[in-house]
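For reference, the structure is listed below as structure tokens.
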Amino acid sequence: MRGHGHQLTEDGAAAMFEPPSWDERYSGQEKVWSGEPNPQLVAEVAGLTPGTALDVGCGEGGDVIWLARQGWTVTGADFSANGLARAARHAEQAGVADRVDWWQVDARAFAAGGRSFDLVTSHYLHPPDGGMVEVTRRLAEAVAPGGHLLVVGHAPSEAFTHLTGSQHRAMFLAEQLLPGLPDGFEAIVVEQRPRTVTRDGVTVDIQDSTLLARRTAQVAPADV
1 MRGHGHQLTE DGAAAMFEPP SWDERYSGQE KVWSGEPNPQ LVAEVAGLTP
51 GTALDVGCGE GGDVIWLARQ GWTVTGADFS ANGLARAARH AEQAGVADRV
101 DWWQVDARAF AAGGRSFDLV TSHYLHPPDG GMVEVTRRLA EAVAPGGHLL
151 VVGHAPSEAF THLTGSQHRA MFLAEQLLPG LPDGFEAIVV EQRPRTVTRD
201 GVTVDIQDST LLARRTAQVA PADV
């Protein structure tokens, strides 16, 4: 689950985190997302020295494009082929295609495979089984020594009372992700940040669960 969803059955909620659902969602002509960078990405990354970045769950590429414009060399990763195709078009239109590449991969099975990045970021990935601790562990393996990991998601709140039980269980507090950090990581930001958003003409208060950590030492990768 990314962003806000409508009322779904339990089976429908589980299907939201499967590639066919997102390929269908990205098959139309209209944009699904605003194209603007996520606010916590801007808040935490604007002061970092640009290097290499990996955005997992990049969707239509809004964060990838923003990072490239800041001077980062970016890999956008998503499990939706249609999403990646859209992101590539948007990067071309934004004039940053020479600074980005694309990787089709499922965050739940993601493995760094020896690749490392100065920044690994993921926003609003919500596996219906509440598997973000495991996803965080996998993402952390791709962070280079001295690099940063930024994971942001929705905290449970009254704004999401329309969602199913499994969708609620997929949300998380930042501190719940800490067990996913391997040895050699220092947590810098572990908090819920309030934000006001407008969805379907209704203004609601939500919270972004925000985990920012830095890799301080080289750690042997775990078996996956």
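For the sequence shown, full-length UniProt numbering gives the first residue as 1, with consecutive numbering after it. Glycine residues also receive a C-beta, built at the ideal position from the N, C-alpha and C atoms. Note that this is a predicted model, so its numbers are computed, not measured.
Asked	Found
Below 8 Å on the Cβ atoms is my contact criterion, and I expect Ala187 with Leu178 to pass it. Report the Cβ-Cβ distance as a whole number of Å.	6 Å
Can you name the start and end residues of the alpha helix (DSSP H) that Asp205 belongs to?	Here Asp205 belongs to no alpha helix (DSSP H); instead the beta strand (DSSP E) covers Val202 to Arg215.
On the DSSP letters alone, give me the boundaries of the beta strand (DSSP E) that Thr49 sits inside.	Per DSSP, Thr49 belongs to no beta strand (DSSP E) and is neither H nor E.
Could you tell me which of Gly114, Asp106 and Arg89 sits nearest to Leu125, measuring between CA atoms?	Asp106
Measure the CB-CB distance between Leu211 and Ala174 and report whether it falls below 7 Å.	yes
Could you tell me which of Gly47, Asn38 and Thr196 sits nearest to Ile65, measuring between CA atoms?	Asn38
If we count the other Cβ atoms within 10 Å of its Cβ and call it buried at 16 or more, is Glu141 buried or exposed?	buried
Thinking C-beta only, is Val45 closer than 7 Å to Ala68?	no
Indicate the three-state DSSP secondary structure (helix, strand or coil) for Ala155 in the structure shown.	coil
Would you identify the three-state DSSP class for Pro127, choosing helix, strand or coil?	coil
Within its chain, find whatever has a CB closer than 7 Å to the CB of Glu36; leave out the 5 residues flanking it on each side and keep chain order.	Gly62
Glu186 bridges to which residues according to DSSP?	Arg214
Can you tell me the Cα-Cα spacing of Val151 and Glu134, whole angstroms?	12 Å
Put Leu139 into one of helix, strand or coil per three-state DSSP.	helix
With DSSP collapsed to three states, give me the class of Ala91.	helix
Can you tell me where the beta strand (DSSP E) holding Ala77 begins and where it ends?	Thr73 to Asp78
Assuming Thr75 contacts Asp98 (C-beta within less than 8 Å), just tell me the rounded distance between them.	Between Asp98 and Thr75 the Cβ distance is about 13 Å, and since that is not below 8 Å, they are no contact.
Let me check one thing: in DSSP terms, what residues is Asp106 bridge-paired to?	Beta-bridge pairing links Asp106 to no other residue.
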